[in-house]
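Trainee: For the sequence shown, our numbering gives the first residue as 213, with consecutive numbering after it.
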Amino acid sequence: MTEKIAGDGTAIMDGAPIVGAGSDTAAKPVARRPATGKAFGSGATTTERMRRWLRANLFSSPLMGTLTVLTLLLLGLALPPIFRWAFLDAVFEGPNRSVCGAGACWAFIADRLEQFVYGRYTPAERWRVDLALLILAGFAALALWPRNPHRTLSVMLLVTLCPAVAALLLVGGVLGLPFVPTDQWGGLSLNIILTFATVVLALPLGVVLALGRRSQLPVIRWSCTAFIEMLRGVPLLTVLFMAMVMLPMFLPEGVTFDRLVRAIIGLSLFVAAYFAEIIRAGLQGIPKGQYEAAAAIGLGFWGAHRLIVLPQAFRLVVPGIVNTVIDLFKDTTLVSIIGLFDLLGVVGQSIKDPNWLGLGREGYVFAALIFFVCCYAMSLLSLRIERRIRSASH
């Protein structure tokens, strides 16, 4: 047994400090704690933590336990035939429905995949759609990146320059790009374009309406309130039909918009009413002291709202805004009723093809999965932003 002296003068024997080392009193080595199955400081083992989680979340009461068991039984009955239909008996390649069997015919999806994404957009020019969506996604990522030192500039470019560049790429007619009319746009790309364009137009309008509804001037307050309540009180389909039929009546003679632009205008007005109420709720959650502090440092109405009030209000209403965007993304499928062929409209047209007649189940399952993935991704993004804001506030 060897004895060592640590840097602080403590004697160590076989790696264990000796109490009272260096004194005349005999010292005894401190016994080491025997190793156990639990990590030091980790509390319960993984098995115990799992057991506690199951007891707290799935078997917290007899009723909860019964519901859990019934749910597992239903899943056990439903999942095997679904798995067999979707994978084991499925067909993934083939020229037409003659190759299809008892399972899912994913060959139909593979054959029509480009149409589901691009609609009737000119095949030789589909790279323009890819580039436009890539530009929008890239600037959106920069605007959301927390370590970006120029986030304000990224947001401004995202809502001003990017839509103009994307429209130039998609429409063409300049810089040697062939013109592609909007009635040839379609598929999933149309849903994304409609959602992005609507949010870019509706969010600023919603801010103005929210501030107008809180205005001290009765005319402005009543006008904004009437607009918001009227748009929130009618179905979106009615607004789209009004944009298709009534909007041209208010335009000068000879001035007209195509269906896509009219659909974007109708969607923007409708969604702006919901954004206005969400933002107004955030404004009501700002303490009065924030307004007083802004006035104390000499900020006017617009300066106080731009620098102090609105940033805090937006932090409070991130979940509501994202929920509205998710609803908007799903509601873009309604444009197929007014003659625009989004993903759902293209699926409906494709199942009428004689080569793939009667395969609506596969088409609509594919569309449902696409919408689920997109909406779930937006929900996760919302949760991430909420956690970041919560951690920053603490």
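Cβ atoms here follow ideal geometry from the backbone N, Cα and C, with glycine treated the same way.
Are there three or more Cβ pairs, one per stretch, closer than 8 Å when the stretch 386-398 is compared with the stretch 549-563?
Mentor: At 8 Å Cβ cutoff, the stretches touch.
Trainee: Out of curiosity, what's the CA-to-CA distance linking N360 and M368?
Mentor: Residue 360 sits at position 148 when you count from the first residue of the sequence shown. Residue 368 sits at position 156 when you count from the first residue of the sequence shown. Roughly 14 Å separates the two Cα atoms.
Trainee: Using three-state DSSP, classify C312 as helix, strand or coil.
Mentor: Indexing the sequence shown from 1 puts residue 312 at position 100. C312: coil per DSSP, three-state reduction.
Trainee: Taking Cβ to Cβ, would you say V547 is nearer than 9 Å to L593?
Mentor: By one-based count along the sequence shown, residue 547 stands at place 335. By one-based count along the sequence shown, residue 593 stands at place 381. No, the pair does not count as a contact, with Cβ atoms beyond the cut-off.
Trainee: State yes or no: is the C-beta of S401 within less than 9 Å of the C-beta of L354?
Mentor: Indexing the sequence shown from 1 puts residue 401 at position 189. Indexing the sequence shown from 1 puts residue 354 at position 142. Not a contact, by the Cβ cut-off of 9 Å.
Trainee: Would F487 and A422 be called neighbours here (beta carbons separated by less than 9 Å)?
Mentor: For the purposes of this step, residue 487 is taken as residue 275 along the sequence shown, with counting starting at 1. For the purposes of this step, residue 422 is taken as residue 210 along the sequence shown, with counting starting at 1. Yes; because the gap between Cβ atoms is below 9 Å, this pair is in contact.
Trainee: Determine the DSSP secondary structure at G424, reduced to helix, strand or coil.
Mentor: Reading the sequence shown from its first residue, position 212 is the one you call residue 424. Three-state result, G424: helix.
Trainee: Quick check on the burial criterion: 16 or more other C-beta atoms within 10 angstroms. Buried or exposed for A475?
Mentor: The residue given as residue 475 occupies position 263 in the sequence shown. The residue is buried, with at least 16 neighbouring Cβ atoms inside 10 Å.
Trainee: Can you confirm whether the stretch 500-513 touches the stretch 461-469 when touching is taken to mean that 3 or more C-beta pairs between the two stretches lie within less than 8 Å?
Mentor: In short, these stretches do not touch, since the Cβ pair count stays below three.
Trainee: Can you check DSSP and say which residues form a bridge with D554?
Mentor: Position 342 of the sequence shown, counted from the first residue, corresponds to residue 554. Answer by DSSP bridge pairing, in chain order: G399.
Trainee: To the nearest whole angstrom, what separates the beta carbons of V502 and Q524, a pair I think is in contact under 8 Å?
Mentor: For the purposes of this step, residue 502 is taken as residue 290 along the sequence shown, with counting starting at 1. For the purposes of this step, residue 524 is taken as residue 312 along the sequence shown, with counting starting at 1. The question names Val, yet the displayed sequence has Gln at residue 502. Confirmed, about 7 Å.
Trainee: Looking only at its own chain, which residues have a Cβ that is under 7 Å from the Cβ of G249, when we skip the five neighbours before and after it?
Mentor: Numbered from its first residue, the sequence shown carries residue 249 at position 37. The predicted position of G249 is uncertain, since its pLDDT is 46 and thus under 50; a value taken from the coordinates is nonetheless stated next. The answer, listed in chain order, is T257.
Trainee: In chain order, what residues of the same chain lie with their CB nearer than 6 Å to the CB of A247, ignoring the 5 residues before and after it?
Mentor: Start at 1 with the first residue of the sequence shown, and residue 247 comes out as number 35. Below a pLDDT of 50, predicted positions are generally treated as unreliable, and A247, at 47, falls in that range; no measurement from the model is reported.
Trainee: Per DSSP, which residues does C317 bridge with? Please list them.
Mentor: The residue given as residue 317 occupies position 105 in the sequence shown. Answer by DSSP bridge pairing, in chain order: V303.
Trainee: For T364, does the count of other Cβ atoms within 10 angstroms reach 16, so buried, or fall short, so exposed?
Mentor: Along the sequence shown, read from residue 1 onward, the residue named residue 364 stands at position 152. T364 should be labelled exposed.
Trainee: Would you grab the beta carbon distance between L370 and A352 for me? Rounded to a whole angstrom, and I think it's under 8 Å.
Mentor: Start at 1 with the first residue of the sequence shown, and residue 370 comes out as number 158. Start at 1 with the first residue of the sequence shown, and residue 352 comes out as number 140. At roughly 6 Å, the Cβ-Cβ gap stays under 8 Å, so L370 and A352 are in contact.
Trainee: Cβ atoms of E337 and G384: under 9 Å apart, would you say?
Mentor: Numbered from 1 along the sequence shown, position 172 holds the residue referred to as residue 384. Numbered from 1 along the sequence shown, position 125 holds the residue referred to as residue 337. Taking 9 Å as the Cβ cut-off, G384 and E337 qualify as a contacting pair.
Trainee: Can you say whether W318 is buried or exposed, counting buried as having 16 or more other CB atoms within 10 angstroms of its CB?
Mentor: On the sequence shown, position 106 is the one that residue 318 refers to. It counts as buried.
Trainee: Please state whether DSSP places V231 in a helix, a strand or coil.
Mentor: Numbered from 1 along the sequence shown, position 19 holds the residue referred to as residue 231. Annotation note: pLDDT 42 at V231 (below 50); position unreliable, coordinate value reported separately. In this structure, V231 counts as coil in the three-state DSSP scheme.
Trainee: Determine which residues share a DSSP beta bridge with G384 and list them.
Mentor: As a working mapping, residue 384 is identified with position 172 in the sequence shown. Paired residue(s): none; G384 is not in a bridge.
Trainee: Under 8 Å by Cβ, that's how I've got R425 and R332 pegged, so tell me the actual separation to the nearest angstrom.
Mentor: Residue mapping note: residue 425 aligns to position 213 of the sequence shown, counting from 1. Residue mapping note: residue 332 aligns to position 120 of the sequence shown, counting from 1. Their Cβ separation, rounded to whole angstroms, is 42 Å, which puts R425 and R332 out of contact at 8 Å.
Trainee: When we look at the beta-carbon of G557 and count the other beta-carbons within 10 Å, is it buried (16 or more) or exposed?
Mentor: To locate residue 557, count along the sequence shown from 1; it is residue 345. It counts as buried.
Trainee: Quick check on the burial criterion: 16 or more other C-beta atoms within 10 angstroms. Buried or exposed for V529?
Mentor: Here the question's residue 529 lines up with position 317 in the sequence shown. Under this definition V529 is a buried residue.
Trainee: What are the residues that DSSP puts in a beta bridge with G331?
Mentor: In the sequence shown, the residue the question calls residue 331 occupies position 119. For G331, which the question treats as bridged, DSSP gives the partners W397.
Trainee: Rounded to the nearest angstrom, what separates L448 and M590 at their Cα positions?
Mentor: The sequence position of residue 448 within the sequence shown is 236, counting from 1. The sequence position of residue 590 within the sequence shown is 378, counting from 1. Looking at the two C-alpha atoms, the distance is approximately 22 Å.
Trainee: Quick check: F299 and G315, are their CB atoms within less than 9 Å of each other?
Mentor: The residue given as residue 299 occupies position 87 in the sequence shown. The residue given as residue 315 occupies position 103 in the sequence shown. Going by C-beta atoms, F299 is nearer than 9 Å to G315.
Trainee: Can you name the start and end residues of the alpha helix (DSSP H) that G494 belongs to?
Mentor: Numbered from 1 along the sequence shown, position 282 holds the residue referred to as residue 494. Where G494 is concerned, the enclosing alpha helix (DSSP H) stretches over R471 to Q496.
Trainee: Taking only the alpha-carbon atoms, compute the straight-line gap between L413 and G532 and give it to the nearest angstrom.
Mentor: Numbered from 1 along the sequence shown, position 201 holds the residue referred to as residue 413. Numbered from 1 along the sequence shown, position 320 holds the residue referred to as residue 532. Each residue's Cα considered, the two are about 17 Å apart.
Trainee: Using 10 angstroms around the beta-carbon of H362, count the other beta-carbons present and answer buried if the total reaches 16, otherwise exposed.
Mentor: One-based indexing of the sequence shown puts residue 362 at position 150. Per the 10 Å Cβ criterion, exposed.
Trainee: Quick check on the burial criterion: 16 or more other C-beta atoms within 10 angstroms. Buried or exposed for S273?
Mentor: The sequence position of residue 273 within the sequence shown is 61, counting from 1. Answer is exposed; the Cβ neighbour count stays below 16.
Trainee: Quick one: what does DSSP say I509 is sitting in, helix, strand or coil?
Mentor: Start at 1 with the first residue of the sequence shown, and residue 509 comes out as number 297. Three-state result, I509: coil.
Trainee: From the DSSP output, in three-state form, read off P430 for me.
Mentor: Within the sequence shown, numbered from 1, the residue matching residue 430 stands at position 218. In the structure shown, P430 sits in a helix (DSSP, three-state: H, G or I).
Trainee: Whose C-beta lies closer than 7 Å to the C-beta of D301 among residues of the same chain, with five residues either side of it excluded?
Mentor: As a first step, residue 301 must be located in the sequence shown, where it is residue number 89. Same-chain partners within the cutoff: G313, A314 and G315.
Trainee: According to DSSP, is E441 part of a helix, a strand, or is it coil?
Mentor: Position 229 of the sequence shown, counted from the first residue, corresponds to residue 441. Helix at E441.
Trainee: Could you tell me if Y330 is buried or exposed, where buried requires 16 or more neighbouring beta carbons within 10 angstroms of its beta carbon?
Mentor: Start at 1 with the first residue of the sequence shown, and residue 330 comes out as number 118. Buried.
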